[in-house]
Amino acid sequence: MGWSLPDTEITNDFLHKEVGLERGPAWVASRLGIERRRSILSRDYILKTKNRDIEQAVFHAKSRGWTPAVLGAAAAREAIRNAGIKASDVGWVIANNDIPFDLVPNTASLIAKELGADDGPHCDINSACPSFALHMKVLDDARPEGLPEFVLCVQISVYTTRTDYSPSSIDGYIFGDGAAAQVVSARHAGRLLVEPLIFETKASGADEITMESTGHFSQNGAAVREFSIRKTCEIFEAVAERKGLFAEDCWTVAHQANHVMQESILGHLGLPAARHLRNVREQGNTAAAGCPSALAQGLDLLHSGDEIVYGVVGAGLAWGGGYMKVL
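Under the working numbering, residue 322 is the last one in the sequence shown; the count climbs by one each step, no gaps.
Encoded structure:
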């Protein structure tokens, strides 16, 4: 596994004291528990423009050398290095990208080019925040003999380019940019054995989280929050039941929506906080990259035989999860 973050750090003090977001530190601490996040935009750009013009934000990020493909390729290089293979060994690149800077070609092909990977059926498979679960489920459902020796999955978030930083904004406190990547193989054992078990969508909730092609991110915050907490609890319970696990015996990792929501999930299920992997306090909500980057960053805490339950929820409305074991 691998992960990457862009260079600009955005703290709560910067958002409150300089950008002028109206909700102060006490509100953020009680509602979100997020302290800082990263962006492909510069602090000066956010301060001057409040990110009113989506198209200009893309031009600004590109001028700084940041695109979704660049961010994703950085995470991919780390995953490839950790796997002990070469980019040319990768036979298929699968990428999520909610916010492509270019509609054609697909982001997976741009990442493959950045890496110097060989030809393959490189493609984007996107389901916003739950994309990691979808990527694992797609590969698990495929015929093993039909898969290349190594598949590279990449999840990318550049949500700050679609975040409103006007004074009344809540999303300005929430989102950060980042990427995660995994080298997956049906033939070679890696650090983790992955058993995807769930991926579903609720079509009636499709408009609860939206982002128009030229607009800011928008969501029905209260409804999405309630759904996310309830559905994550259901995923954890379903996977634990199928695998015969007890709360005190396994690790958990979830969508990195915000720290307070995760505390609620842990409280509802009586899960030990010390065995829950998360990075949202320091990195913000990095959408599809959140869960897999928290897992990648927490690998050093895990030992052979440890078991992990993962669950992710997001736009669609969609959700997915499964089981992992450290080899």
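Glycine included, C-beta positions come from ideal geometry on N, C-alpha and C.
The Cβ atoms of A174 and L66 lie closer than 8 Å to each other. The secondary-structure analysis by DSSP pairs E195 across a beta bridge with W314. Here W61 is not near P20, since their CB atoms are 8 Å or more apart. For the set Y318, A235, I94, P116, the Cα lying nearest the Cα of E207 is the one of I94. Burial is judged here by how many other beta carbons sit within 10 angstroms of a residue's own beta carbon; K226 has at least 16 and is buried.
Cα atoms of F54 and S104: separation of roughly 21 Å, rounded to the nearest angstrom. By the beta-carbon neighbour count (other beta carbons within 10 angstroms, threshold 16), D172 is buried.
Uninterrupted alpha helix (DSSP H) stretches at least 4 residues long and entirely within the region 229 to 269 occur at 254 to 264, given in chain order. Around the beta carbon of K132, 16 or more other beta carbons sit within 10 angstroms, so the residue counts as buried. Under DSSP, M131 forms no beta bridge with any residue. Straight through space, the alpha carbons of I230 and F194 are spaced by roughly 10 Å. Ranked by how close their Cα comes to the Cα of N46, the residues A235, G210, Y318, G262 have G210 in first place. By the CB criterion at 8 Å, C148 and A176 fall inside the cutoff.
In this structure, the alpha-carbon of V308 lies about 29 Å from that of D48. A residue is called buried once 16 or more other Cβ atoms fall within 10 Å of its Cβ, and P287 is buried on that count.
For A56, the enclosing alpha helix (DSSP H) begins and ends at 49 to 58. With respect to L188, L322 sits close: the two C-beta atoms are nearer than 8 Å. Counting along the chain, the unbroken beta strand (DSSP E) around R32 starts and ends at 31 to 34. In the pairwise beta carbon analysis, the region 66 to 80 is classified as touching the region 143 to 160: at least three pairs are separated by under 8 Å.
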